[in-house]
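*Asks:* Residue numbers (the working numbering): 6 to 166. Heads up, the beta-carbon is just placed ideally off N, CA and C, and yes, glycines get one too. Predicted, not measured: the structure shown is a model, and the values here were computed from it. Supplied in structure tokens, the structure appears directly below.
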Ligand SMILES: [Zn+2]
Ligand SMILES: [Zn+2]
Ligand SMILES: [Zn+2]
């Protein structure tokens with residue numbers, strides 16, 4: 006990741022502040038010369054805000070409808086979805102073209118890992134929480150929503166990035 010403070014505000018020349026993540030999982034950088042006043046709910050000082058675009062990411066997964074590759078995109082409200090890479094928006098006809106396959110992703114992501122749990126030897130999964138924190142946990146672990154207790158292996162390793 007590049008240093009977030011190396012960039013200068015195009016409005017006033019002050020360095021930009023740190024990248025912050027909004028509750029809807031969008032990322033932005035404010036000018037360090039401005040700050041948000043939660044009491045007045047207004048920005049004081051320089052009001053420059055740089056929204057950080059999340060680039061669509063091509064996935065190693067095929068569309069179940071047409072077999073093209075899927076891409077991972079994020080809406081402006083921070084919801085993530087997988088959609089077919091052949092799906093495009095035609096601004097002239099104002100219609101979507103291509104394959105219309107869309108799969109909404111829950112706010113947490115689980116990816117299987119090629120690593121074994123040190124406790125029980127089952128495979129580990131990489132779990133990304135809604136806030137973007139990552140942890141490795143055992144694929145046998147689960148949650149019993151009736152008993153409200155964890156089931157299976159309890160191995161967890163938080164990853165600091
Ligand atoms: Zn500024
Ligand atoms: Zn498709
Ligand atoms: Zn385990």
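Taking 6 Å as the limit, tell me which residues put their C-beta closer than that to any heavy atom of ligand 2, in chain order.
*Replies:* That gives 68, 70, 71, 73, 89, 91, 104 and 106.
*Asks:* Would you kindly work out how many angstroms separate the C-alpha atoms of residue 55 and residue 125, rounded to a whole number?
*Replies:* The alpha-carbon atoms of residue 55 and residue 125 are separated by roughly 46 Å.
*Asks:* At a threshold of 7 Å, does residue 42 count as lining ligand 1 (C-beta to nearest heavy atom)?
*Replies:* No, the beta carbon of residue 42 sits no closer than 7 Å to any heavy atom of ligand 1.
*Asks:* May I have the straight-line CA-CA distance separating residue 108 from residue 34, to the nearest angstrom?
*Replies:* Looking at the two C-alpha atoms, the distance is approximately 29 Å.
*Asks:* Pull up the distance between the alpha-carbon of residue 8 and that of residue 51, whole angstroms please.
*Replies:* Legend: pLDDT at residue 8 = 48, less than 50; position of this residue unreliable, no value from coordinates given.
*Asks:* Mind checking residue 137: buried by the 16 CB within 10 Å criterion, or exposed?
*Replies:* Residue 137 should be labelled exposed.
*Asks:* Consider the C-beta atom of residue 158 and the heavy atoms of ligand 3; say whether any pair is separated by less than 7 Å.
*Replies:* Yes, since a heavy atom of ligand 3 falls inside the 7 Å radius drawn around the Cβ of residue 158.
*Asks:* Quick one: is residue 10 buried, meaning 16 or more other Cβ sit within 10 Å of its Cβ, or exposed?
*Replies:* Because residue 10 sits at a pLDDT of 47, beneath the cut-off of 50, its placement in the model cannot be relied upon, and the following sentence gives the value as read from the coordinates. Exposed, by the Cβ-count rule.
*Asks:* Can you grab the Cα-Cα spacing for the pair residue 86 / residue 64, in whole Å?
*Replies:* Spanning the two alpha carbons is a distance of roughly 11 Å.
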